[in-house]
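Structure below.
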């Protein structure tokens, strides 16, 4: 009887912790980023194409999700980074990068991009959400010396779009 009670308590504790984790990730991403929504392969190829990645570029995906855009950029031969707050997605991304032998070019950081100075990057991708775009625009203007930014679906409020294709917006600073 004692063992059954102990196991029931452990199961309930694990369920409660999992529920708290899900609530935390959802709330945090909704307030400071966007919930995970995978970019379709066709759109990802267009995003990478719009950025015109070349040797010497340093790429970053803000809210890198499952790492697919970081991996695509690394395959172009550039140093590619991703910032992601969801530890499950970070684990998945790192596994995919290792499995594809891209560990020398692709890097995933378990960190909020809001807490990172982005001045070293020359090519940036983001699939944000409308309410963060004004703040992200200010952050990028303050930190970037020059660069190209592609946004999936949501526009920056004050910047002029350099090129647009299928709800993807390229900006040049």
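Residue numbers (this note's numbering): -2 to 170. All C-beta atoms, glycine included, are put in the ideal place defined by N, C-alpha and C.
My guess is that residue i and residue j are in contact by the Cβ rule of under 8 Å, so how many angstroms apart are they, rounded?
i: residue 121; j: residue 151; result: Actually they are not in contact, since the Cβ atoms of residue 121 and residue 151 sit about 14 Å apart, beyond 8 Å.
i: residue 133; j: residue 123; result: 7 Å
i: residue 73; j: residue 45; result: 7 Å
i: residue 56; j: residue 47; result: About 12 Å; that fails the 8 Å criterion.
On the CB-based measure, 16 or more other CB atoms within 10 Å of its CB, does residue i come out buried or exposed?
i: residue 149; result: buried
i: residue 119; result: buried
i: residue 78; result: buried
i: residue 138; result: exposed
i: residue 92; result: exposed
i: residue 167; result: buried
i: residue 36; result: buried
i: residue 60; result: buried
i: residue 142; result: exposed
i: residue 100; result: exposed
i: residue 82; result: buried
i: residue 85; result: exposed
i: residue 69; result: buried
i: residue 12; result: exposed
Return helix, strand or coil for residue i, following the three-state DSSP convention.
i: residue 117; result: coil
i: residue 156; result: coil
i: residue 124; result: coil
i: residue 96; result: helix
i: residue 137; result: helix
i: residue 27; result: Low local confidence applies: a pLDDT of 48 at residue 27 is under 50, so the model's placement there is unreliable, and no value is given.
i: residue 169; result: strand
i: residue 162; result: strand
i: residue 12; result: helix
i: residue 109; result: coil
i: residue 129; result: helix
i: residue 146; result: strand
i: residue 104; result: strand
i: residue 88; result: helix
Just checking residue i against the ligand ATP - is the residue's beta carbon closer than 6 Å to any of the ligand's heavy atoms?
i: residue 107; result: Among the ligands in the structure shown, none appear at all, so the ligand ATP cannot be discussed.
Scan the segment 35 to 76 and note each continuous alpha helix (DSSP H) run of 4 residues or more that stays entirely inside, going in chain order.
38 to 48 and 65 to 72
Across the segment 40 to 48 and the segment 105 to 113, are there enough close Cβ pairs to call them in contact, namely three or more that are closer than 8 Å?
no
Contact between the segment 154 to 168 and the segment 94 to 106: three or more CB pairs below 8 Å?
no
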